[in-house]
Each structure stands twice: as structure tokens, then as C-alpha cells.
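Peer 1: Handing you a structure now.
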Amino acid sequence: MENVKILDGNTFVVSDGSGDIEASSSDPTGLFVFDTRFLSRWILTINGQRLHALSTDDLSYFQTRFFLVPGTGTVYIDSKLSVIRERTLAEGFHEELTIFNHDDHSVELTVRIEAASDFADLFEVKDALQKKGVYTNSVEHEQLLLKYARGTFNRATSISSTSAAEIDDRGLTFLVRLAPATSWSTGLNVSPSTTLSVLRKRGLPPHSHRVEAMEHDLAVWLEHAPRLSCDWEPLTVSYQRSLVDLAALRFSPITAGRKSLPAAGLPWFMTMFGRDSIFTSLQALPFAPDLAATTLSQLALRQGTRCDDFRDEDPGRILHELRYGELTAFEERPHSPYYGCVDATPLFVVLLDEYERWTGNHKLVHDLETEARAAIAWIDGYADLQGNGYIAYKRRNTETGLENQCWKDSWDSISYHDGTLPAFPRATCELQGYAYDAKVRAARLARLIWKDEDYADELEHQAGELKRRFNRDFWIDDRGYFALALDADGRQVDALASNNGHLLWSGIVDKSKAKSVMQHLMGRRLFSGWGIRTLADGEGRYNPIGYHVGTVWPFDNSFIAWGLRRYGFKDEAARVAACILEAASYFDGRLPEAFGGYERSLTRYPVQYPTACSPQAWSTGAPLLLLRTMLGLEPVGDHLVVDPALSVEIGHLELLDIPGRWGRIDAFGRGRVEMAGVR
Amino acid sequence: MSDVTTVSDATTEFFESLRDRGHEPLLGRANGTFRFELANGEKPERWLVAVDKGDITVSRAARKADCTIYADRALFNRIAAGEVNVWTAVLRGALAVEGDPELLVMFQRILPEPRER
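Residue numbers (this note's numbering), protein chains in the order written: chain A, 17 to 695; chain B, 462 to 578.
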């Protein structure tokens with residue numbers, strides 16, 4: 017049965033369809049909090065029998081109801097009993113268990129919950145590693161206590177019930193006598209405790225109030241977002257889905273109080289990531305601008321200040337990933353935080369500027385001046401590994417650091433046309449685009465807010481210089497596109513990849529080259545009919561279900577569409593947007609991280625890439641950015657310019673109450689872009 | 462780790478160098494006070510560090526602080542020497558923090574660079 021997931025910030029539960037958890041060492045089911053599994057076994061039986069799910073009902077992203085009957089599914093052994101298990105996240109989770117006797121005589125029931133925890137670090141689950149600490153189970157004060165200790169590192173789960181139970185060190189037993197046509201119920205509380213709790217002064221309200229508070233919070237969140245009215249269902253469904261999923265993916269680092277930023281995705285990535293949090297905040301800016309403010313201030317707080325090879329940290333560098341689990345605590349993994357990514361630093365400056373353009377919030381730009389300057393200095397200094405004026409990467413932590421420090425971070429993502437892999441350092445092309453954009457935008461902020469004309473002039477001069485060199489060094493003249501990277505010898509890594517689209521977004525592409533780039537992006541080798549592939553068909557490593565070597569990534573496409581618009585290719589942007597949104601309708605509006613790069617005419621539906629990460633933040637954000645792109649929303653001074661280009665399927669589109677420095681503004685559009693030849 | 466404590470060690474040197482520094486640009490946005498309670502046999506050793514937009518004052522006063530850090534002095538010696546990362550020590554439970562965690566993350570900026578591992 018399909019896994020059922022509920023989540024709230026960095027707390028989530030993954031169970032089977034009946035609500036049971038029976039995790040193996042390598043399987044991401046269980047209750048996870050702060051990157052640690054606090055419950056790996058949670059099995060309900062009645063008179064020794066497991067239960068079978070008739071249906072599950074996702075009440076909200078933090079609450080699920082399971083309707084169950086005894087029996088394993090093929091034969092209902094006793095359909096005179098039915099069971100409702102309602103599970104709500106609240107720090108740990110609360111489960112309300114209710115059993116109905118539909119029979120005309122009394123029944124005696126032994127209701128049992130088996131519980132255990134392996135306290136696995138999420139990284140251990142991912143990589144199937146062994147534990148080093150000591151486990152103890154005990155019964156204290158009518159609670160089952162599951163504990164794990166490794167030196168001063170302590171994690172514990174306490175389990176209690178609201179009805180009287182016999183508790184032993186493996187679970188809780190209830191002896192229930194049910195008269196005809198009556199029901200029995202109990203509440204079950206599962207509470208994790210960690211050393212980190214001392215850091216959290218949240219003063220949680222009681223459970224029932226907490227649910228109310230969460231419901232209220234979601235209602236407010238949806239109310240604050242612009243309202244969409246449109247006659248094209250793929251868009252309305254995925255818009256609603258995206259808003260709710262984005263609410264669920266909000267994550268509060270312990271230093272952020274009640275403010276939140278987008279975590280990267282469930283189940284593996286429920287934490288702050290430099291790249292993912294920035295890209296998602298950019299996508300969500302016209303809809304939920306506060307996410308960007310928290311992302312910026314939290315990343316700034318942890319900006320690198322020193323050279324630390326283990327963490328791949330340099331002064332000025334923006335972090336890649338922050339974790340709280342056991343392997344991080346004992347420095348068996350470098351995520352405290354880990355800095356091994358090279359795009360987050362320029363993108364930090366890009367987001368800061370884009371945030372100001374939308375919100376007019378000068379204070380944050382003032383507050384983060386030091387960090388923004390440090391980020392720019394990092395681009396020019398530490399990131400220039402070859403001394404040729406380009407950002408490049410080569411990890412210093414060779415044991416547990418990341419090899420590819422760009423968004424395509426799998427081992428084989430960067431290749432020559434013939435499929436061979438270049439040596440390190442590697443300077444991928446989109447990094448140079450981001451650096452260019454960061455300098456242009458920082459120059460604007462320097463002039464407008466930091467009041468430093470000299471710095472602004474210098475940045476603009478550097479950006480112009482970078483653009484000139486880039487268009488010379490990365491352009492493959494006889495093919496008409498930009499090389500994927502420069503290798504360690506400064507030679508072109510000549511595969512055709514979607515990175516070209518990010519170059520359009522950054523604005524680094526010479527106007528004279530833009531059309532040729534667009535034609536490659538929309539041509540048969542890159543465009544599948546569902547979207548633009550990560551790597552072009554015909555490249556040595558092309559594989560339609562290879563992670564970064566042929567699949568279509570909705571997030572990638574959303575930024576490419578933005579890039580196409582930037583260079584005036586409105587119709588092409590509308591086509592990319594329409595195709596990705598059509599693909600979304602095959603996934604109930606929830607775009608996966610990636611789908612297969614197969615030709616649309618071949619498969620007729622988008623083939624999901626076989627990975628478990630869903631919802632994923634930047635896929636969740638993709639419909640939002642596509643909507644912005646289709647409407648051509650662009651802040652200019654204190655105004656919002658609207659310049660729609662929509663596919664013909666869309667009769668009318670209204671986006672009402674778009675928040676920004678103008679207050680609230682409405683945007684309207686009608687479809688006119690023909691899709692002929694695209695599918 | 463030695464259980465013999467000396468008067469002039471990494472901890473003392475660290476706080477004294479902090480006092481001499483006066484202003485620290487990396488703490489330019491920080492406002493608040495830190496109290497360090499360093500357990501050392503009978504009586505805890507106490508340091509109070511106040512930061513006002515990067516201006517640092519160091520004393521031994523016993524005052525309430527925005528962020529209090531409790532650690533064994535032996536452990537803090539290693540932190541002050543750049544041998545132990547303060548944040549992973551928190552995650553391990555080797556170091557306890559009360560109050561504003563944001564201040565602790567900021568404070569990390571002025572700890573010495575890590576030594577060869």
C-alpha cells in the first residue's frame with residue numbers, strides 16, 4: 017500500500033496505508049524530527065490481528081484519518097468491528113483511536129500497539145549505516161520510554177495513552193469490553209525529546225489548541241495568497257496544491273523564532289538548503305514574499321566566516337545544507353552546516369535584490385549589506401579557483417563532501433559531448449550567469465540603498481567585463497549554444513544542456529546569441545513535448561530516466577521560461593509553462609522532482625522519475641513561477657507591469673490581490689499562444 | 462584531555478583577546494549579552510561578554526544574559542583553541558545553551574578557525 021505522509025516543518029510521519037510503521041534500516045518510514053527517526057515501529061493489532069485499510073482521508077497536510085477493519089485484506093475476518101485512527105502532528109504526533117462494535121452482542125478485545133525506535137539519523141536511513149550508541153526501554157510514570165544514548169548525545173521518545181493501559185517495554189495493551197452498538201476510544205501521544213529542546217522556547221499550547229492553531233494558520237496563509245480564477249483546470253488545481261504544499265514545507269530553523277523558510281522536500285530534505293530555499297523563495301515571491309525574507313536572514317546568519325576544509329567553508333560563502341542529526345553531531349558528516357555548493361552565494365544576492373524589487377523593503381537590504389558584499393567578495397576571491405575570473409568548484413572534503421556543487425549535483429551530470437567526464441575544478445556555465453546577475457543587481461542596491469556610487473560603478477564594470485569574456489569563452493560557435501562548463505584546463509565541456517536556459521534568466525547572454533539558444537531549448541533534442549530536458553538527446557550520456565542527464569525538471573523549466581521571457585520569447589515561455597502544467601495534471605497537481613525525458617508522442621503521459629521525494633519545494637514553486645511568467649509580472653519602480661502571454665487553452669485568467677510595494681494589484685490575461693508543433 | 466587546569470590557557474587567552482579586540486565587524490548586527498558558565502571542579506568560572514553592534518566588552522560580572530552557555534572548562538578550552546566546533550557540541554549535548562540561539566550562531570563567527578583535524 018502506498019505510503020502516507022504528513023508533515024509540519026521538520027517533523028513528519030511516513031506510514032503505510034493503515035497507519036502502521038514497520039521500518040527497516042534502509043526505509044524512510046517512521047516519525048522523524050530534526051533529522052532523527054523517533055519511531056520506527058508502530059503497529060496496531062486487535063486480538064492479535066493486523067488491520068486493513070478501507071480508506072484514508074488526508075484531512076490536511078498535518079492530519080490523516082485511517083478507516084480500518086480487522087483482517088489482512090483478502091478476507092474480512094470480522095467486519096462487525098471498524099476502527100478509525102486519526103493522526104495529527106504536534107511536536108511528535110497524537111493519535112485518536114476509536115473502535116466501533118456494530119454487532120448485536122458484546123465483544124472482548126485485546127488492543128495492542130507495538131512501539132519501538134531505532135533513532136536512526138536520516139543519513140543512516142539513506143545510506144543504511146550501523147548505530148554506535150546504547151538503547152534502553154523502560155516504563156515510567158505510565159509512559160513507555162524509548163531511549164538512545166551515545167556519550168552526551170541523548171534522544172528519547174515517550175509514549176502515553178489517555179485510557180488505562182498495560183504498558184510493557186515493547187508497547188501498550190488495552191483490554192476493552194464493548195457492548196453492542198457502542199464504541200471505545202483512546203488518545204495516544206508520541207513525544208520526542210532531544211538535547212535541542214532546550215533551545216526551543218516555543219511554549220506549545222495543548223494538543224487540541226495546537227490543531228486549531230495550525231488550521232487557523234493554514235487558513236490565514238491561503239487567505240494572504242493572491243486568488244486565482246481561471247477556466248483551465250491544470251492551472252487552478254496545481255496552484256491550489258502548490259500553496260498548500262508550500263505551507264507544509266515551511267521550516268523554522270531554531271534561530272528563526274516563528275518565522276519560516278521553505279525546506280527542500282519530503283522525506284529526505286526537510287531542512288534548510290541554500291540553493292533550494294533560495295530558488296523556492298524566488299518562485300514564491302509574488303505569492304508569499306515573507307519566505308524570501310526569512311531565507312535571506314537565516315542564510316546570512318550562517319554565512320561562512322572562515323576556511324574549514326571539512327565543511328568546504330570559506331568567508332562569504334552561503335551554506336548548502338544544515339542538519340541536526342547524530343552523524344552531524346559527531347562530525348561523521350559535515351552538515352553543521354555544510355557549505356559545498358557554489359551557486360547559493362551569487363543567488364543570495366539575486367534574491368536580495370528581487371525581494372526589494374517586489375516588496376520595497378529597504379531595511380532588510382540595509383541590514384544585509386555586509387553579507388551581500390561578503391558574498392560578492394567570495395565570487396571574486398575564493399570561488400575563482402583557476403584565477404581566470406570564473407566561479408569554479410572542487411571539493412576540499414574528499415570523503416563526505418559533494419563532487420558536483422552546482423544544482424545538477426549527481427556524479428555524471430557534467431560531461432563532454434562524447435560522454436567523458438571533465439576533471440576538477442569545473443566552471444559550469446550557469447554559475448557565471450548567476451555571478452553576472454548578482455553583480456548587476458548588487459550595483460543597483462549599492463546605488464539605491466547603500467549609497468555607494470563607486471562600488472556600484474565597479475560592480476557594473478566587472479559585470480560588463482564578465483559578460484564579454486563569457487560570451488567569448490563559453491560560446492561554441494559552430495553549434496550555436498553555450499558550453500556546459502569549462503574544464504580544469506579552461507577547455508569547453510561541449511554537451512548541450514538545459515543550463516543554457518538559466519543563462520537567459522541571468523541576462524548574461526549577448527542579444528545576438530539569444531535566438532540560437534532559444535531554438536536549441538525548444539528544439540527536438542532538448543524539448544520533449546512535456547518540457548526541456550536536463551541533457552539533450554544525442555549527447556553521450558543522454559538517458560531519458562537519468563537523474564540529471566535527460567529527465568525533465570519542473571523547477572529547471574520554470575526558470576528557463578522566465579529566461580525566455582527576459583529575452584522577449586513570450587510565446588515560447590507560454591508553451592513551456594503550458595506543457596509543464598499539463599504534466600502536473602497527471603500528478604494531481606503536485607509536480608514531482610523530475611519526470612522522464614521521453615518524447616511526448618511516445619509515452620502520452622509523463623513518466624515519473626523513480627525517487628521518493630515529494631512534495632519537493634522547488635517543484636512546488638514551479639507552477640507559481642510559471643504563472644508569474646505567463647502573466648509577465650515584472651515590478652518596475654512602484655508599479656507592477658502585467659504583460660500576459662498565455663496558451664490558447666486558457667480562456668481567461670485572473671490573479672487577484674498580488675501583494676507588493678504597490679499594495680495589492682490584480683492581473684488579467686486571455687490565451688492566444690498557439691501550441692501547434694509543440695506536442 | 463588533561464584534568465589539570467592552568468590559569469593561562471586557551472579559554473583565558475580567548476576572552477582576553479576578545480577584550481582587546483574592542484570592535485568586531487563580524488558581530489556588527491549583534492546586540493546582546495553572553496554568559497559563559499564554565500564548570501571547573503568546585504566553582505564555575507564565569508565570563509560575561511556584551512556586544513553592542515560589534516562593540517565588545519568583557520567582564521566577570523554575574524549578570525543575567527540573553528544567551529547563557531554551560532560547558533566543562535576542559536571542553537571550552539578545546540573550543541577556544543579551535544579544536545571543537547561549538548555547534549556540533551550543542552548537538553551532541555556536550556554544551557548546553559539557554560536563551561537566544563541566534564546569538565550563539567553569531568558568536569561562532571569569532572571563534573578561532575578549526576585546526577588540522
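The beta carbon of each residue, even a glycine, is placed where N, CA and C say it ideally should be.
Under the rule that 16 or more other beta-carbon atoms within 10 Å means buried, what is A/V236, buried or exposed?
Peer 2: Looking up residue 236 of chain A in the first sequence gives position 220. Answer is exposed; the Cβ neighbour count stays below 16.
Peer 1: Here's the rule I'm using: 16 or more other beta-carbon atoms within 10 Å means buried, otherwise exposed. How should A/V29 be labelled?
Peer 2: Stepping through the first sequence from its first residue, residue 29 of chain A is reached at position 13. Buried.
Peer 1: How far does the beta strand (DSSP E) with A/G46 in it reach, from first residue to last?
Peer 2: The residue given as residue 46 of chain A occupies position 30 in the first sequence. Start and end: G46 to V49.
Peer 1: Going by other Cβ atoms of all chains shown within 10 Å of its Cβ, with 16 needed for buried, is A/N404 buried or exposed?
Peer 2: Within the first sequence, residue 404 of chain A is the residue found at index 388, counting from 1. When all chains shown are included, A/N404 counts as exposed.
Peer 1: Which of the residues in the stretch 547-559 of chain B, read from start to end, lie with their CB under 7 angstroms from any CB of chain A?
Peer 2: Listed in sequence order: W548, T549, L552, R553, G554, A555, A557, V558 and E559.
Peer 1: Closer than 8 angstroms is the cut-off here; do at least three beta carbon pairs connect the stretch 162-174 of chain A with the stretch 62-81 of chain A?
Peer 2: The answer is no - the stretch 62-81 of chain A does not touch the stretch 162-174 of chain A, with fewer than three Cβ pairs under 8 angstroms.
Peer 1: For the stretch 342-359 of chain A, which residues have a beta carbon sitting closer than 9 angstroms to at least one beta carbon of chain B?
Peer 2: Result list: E342, T344, A345, F346, E347, S352 and P353.
Peer 1: Give me the Cα-Cα distance between A/R333 and A/L317, rounded to the nearest whole angstrom.
Peer 2: Numbered from 1 along the first sequence, position 317 holds the residue referred to as residue 333 of chain A. Numbered from 1 along the first sequence, position 301 holds the residue referred to as residue 317 of chain A. Between A/R333 and A/L317, the C-alpha separation is close to 11 angstroms.
Peer 1: Out of A/T104, A/T61, A/E107 and A/L105, point me to the one whose CA is closest to A/P86's CA.
Peer 2: The residue you call residue 86 of chain A lines up with position 70 of the first sequence. Answer by Cα proximity: A/T61.
Peer 1: Which residue or residues does DSSP assign as beta-bridge partners of A/E670?
Peer 2: The count along the first sequence starts at 1 and reaches residue 670 of chain A at position 654. Partner(s): A/S245 and A/F684.
Peer 1: Drop a sphere of 10 angstroms on the beta-carbon of A/K424, count the other beta-carbons inside from all chains shown, and report buried for 16 or more, exposed for fewer.
Peer 2: Position 408 of the first sequence, counting from 1, holds the residue named residue 424 of chain A. By the neighbour-count rule (16 or more Cβ atoms within 10 Å), A/K424 is buried.
Peer 1: Nearest CA to the CA of A/C595: which residue from A/P622, A/E609 and A/Y583?
Peer 2: Position 579 of the first sequence, counted from the start, is the residue given in the question as residue 595 of chain A. That would be A/P622, whose Cα lies nearest to the Cα of A/C595.
Peer 1: Give me, in chain order, the residues of the same chain whose beta-carbon lies closer than 6 angstroms to that of A/A391; leave out the 5 immediate sequence neighbours on both sides.
Peer 2: Reading the first sequence from its first residue, position 375 is the one you call residue 391 of chain A. Counting only Cβ-Cβ distances below 6 angstroms, and skipping sequence neighbours, we find G332, T361, F364 and V365.
Peer 1: Taking Cβ positions only, does A/I270 come closer than 8 angstroms to chain B?
Peer 2: As a working mapping, residue 270 of chain A is identified with position 254 in the first sequence. Answer yes: the Cβ-Cβ gap between A/I270 and chain B drops below 8 angstroms somewhere.
Peer 1: Drop a sphere of 10 angstroms on the beta-carbon of A/E372, count the other beta-carbons inside from all chains shown, and report buried for 16 or more, exposed for fewer.
Peer 2: For the purposes of this step, residue 372 of chain A is taken as residue 356 along the first sequence, with counting starting at 1. Under this definition A/E372 is a buried residue.
Peer 1: Mind listing the chain A neighbours of B/G489? Cutoff is C-beta to C-beta under 7 angstroms, in chain order.
Peer 2: The residue you call residue 489 of chain B lines up with position 28 of the second sequence. Those within 7 angstroms of B/G489 in chain A are T386.
Peer 1: Can you give me the C-alpha to C-alpha distance between A/G490 and A/K529, rounded to a whole angstrom?
Peer 2: Residue 490 of chain A sits at position 474 when you count from the first residue of the first sequence. Residue 529 of chain A sits at position 513 when you count from the first residue of the first sequence. According to the sequence displayed, residue 490 of chain A carries Phe and not Gly. C-alpha separation (whole angstroms): 12 angstroms.
Peer 1: What residue ranges within the stretch 85-137 of chain A form continuous beta strand (DSSP E) runs of no fewer than 3 residues, ordered along the chain?
Peer 2: Complete beta strand (DSSP E) runs here, min 3: 97-106, 108-117 and 123-132.
Peer 1: Return helix, strand or coil for B/W548, following the three-state DSSP convention.
Peer 2: Translated into the one-based positions of the second sequence, residue 548 of chain B becomes position 87. B/W548 falls in the helix class under three-state DSSP.
Peer 1: Tell me where the beta strand (DSSP E) around B/R507 begins and ends.
Peer 2: As a working mapping, residue 507 of chain B is identified with position 46 in the second sequence. Start and end: E506 to D513.
Peer 1: With a floor of 4 residues, list each alpha helix (DSSP H) that falls wholly inside the stretch 514-600 of chain A, ordered by position along the chain.
Peer 2: If we require 4 residues or more, the alpha helix (DSSP H) runs fully inside the stretch 514-600 of chain A come out as 515-522, 527-537, 570-582 and 586-600.
Peer 1: Tell me whether A/L367 is buried or exposed, calling it buried when 16 or more other Cβ atoms sit within 10 Å of its Cβ.
Peer 2: As a first step, residue 367 of chain A is located in the first sequence; it is residue number 351 there, counting from the start. Buried, since its Cβ has 16 or more Cβ neighbours within 10 Å.
Peer 1: Evaluate A/F638 with the Cβ neighbour count: other Cβ atoms within 10 Å of its Cβ, from every protein chain shown; 16 or more gives buried, anything less gives exposed.
Peer 2: Residue 638 of chain A sits at position 622 when you count from the first residue of the first sequence. The question names Phe, yet the displayed sequence has Ala at residue 638 of chain A. The residue in question, A/A638, is buried, as its Cβ has 16 or more Cβ neighbours within 10 Å.
Peer 1: Assign B/G560 to one of three DSSP states: helix, strand, or coil.
Peer 2: Residue numbering aside, residue 560 of chain B sits at position 99 when the second sequence is read from its first letter. Three-state DSSP puts B/G560 in a strand.
Peer 1: Determine the contact status of A/G562 and A/L519, defining contact as a CB-CB distance below 8 angstroms.
Peer 2: Here the question's residue 562 of chain A lines up with position 546 in the first sequence. Here the question's residue 519 of chain A lines up with position 503 in the first sequence. Contact: no.
Peer 1: Would A/L317 pass as an interface residue toward chain B - the criterion being a Cβ-Cβ separation below 8 angstroms?
Peer 2: Walking along the first sequence from the start, residue 317 of chain A turns up at place 301. Chain B, which has a Cβ nearer than 8 angstroms to the Cβ of A/L317, makes this yes.
Peer 1: Just how far apart, CA to CA, sit A/Y625 and A/L251?
Peer 2: Translated into the one-based positions of the first sequence, residue 625 of chain A becomes position 609. Translated into the one-based positions of the first sequence, residue 251 of chain A becomes position 235. Cα to Cα, A/Y625 sits roughly 22 angstroms from A/L251.
Peer 1: Less than 8 angstroms between C-beta atoms, sequence neighbours within five positions excluded: which residues of the same chain meet that for A/G435?
Peer 2: Counted from its first residue, the first sequence places residue 435 of chain A at position 419. Within the same chain, A/G435 has close Cβ partners E555, G556 and R557.
Peer 1: Give me the residue from B/G560, B/R576, B/L488 and B/L479 with the minimum Cα distance to B/Y531.
Peer 2: Stepping through the second sequence from its first residue, residue 531 of chain B is reached at position 70. The shortest C-alpha separation from B/Y531 is found at B/G560.
Peer 1: Using 8 angstroms as the threshold, is the C-beta distance between A/F289 and A/H336 below it?
Peer 2: Here residue 289 of chain A is taken as the residue at index 273 of the first sequence, counted from 1. Here residue 336 of chain A is taken as the residue at index 320 of the first sequence, counted from 1. Yes, Cβ-Cβ distance for A/F289 and A/H336 is below 8 angstroms.
Peer 1: Give the straight-line distance between the Cα atoms of A/A263 and A/A69, rounded to the nearest whole angstrom.
Peer 2: Locating residue 263 of chain A in the first sequence gives position 247, counting from the first residue. Locating residue 69 of chain A in the first sequence gives position 53, counting from the first residue. Computed Cα separation, rounded: 28 angstroms.
Peer 1: Nearest to A/Q299 by CA position, among A/A132, A/H477 and A/F575, is which residue?
Peer 2: As a first step, residue 299 of chain A is located in the first sequence; it is residue number 283 there, counting from the start. For A/Q299, the nearest C-alpha among the options comes from A/F575.
Peer 1: Kindly list the residues whose CB is nearer than 7 angstroms to the CB of A/S71, restricted to its own chain and excluding five residues on each side of it in sequence; keep chain order.
Peer 2: Locating residue 71 of chain A in the first sequence gives position 55, where the first residue counts as 1. Answer for A/S71: F83, listed in chain order.
Peer 1: Hey, how far is the Cα of B/R534 from the Cα of B/V545?
Peer 2: Mapped onto the second sequence, residue 534 of chain B falls at position 73. Mapped onto the second sequence, residue 545 of chain B falls at position 84. Answer to the nearest angstrom: the Cα atoms are 13 angstroms apart.
Peer 1: Once the 5 residues before and after A/R581 are set aside, which same chain residues still bring their CB inside 7 angstroms of it?
Peer 2: As a first step, residue 581 of chain A must be located in the first sequence, where it is residue number 565. Cβ within range, chain order: A589, T645 and G648.
Peer 1: What residues from the stretch 259-284 of chain A come within 7 angstroms of chain B, judged by C-beta to C-beta, listed N to C?
Peer 2: If the cut-off is 7 angstroms between Cβ atoms, the stretch 259-284 of chain A has I270 and T271 near chain B.
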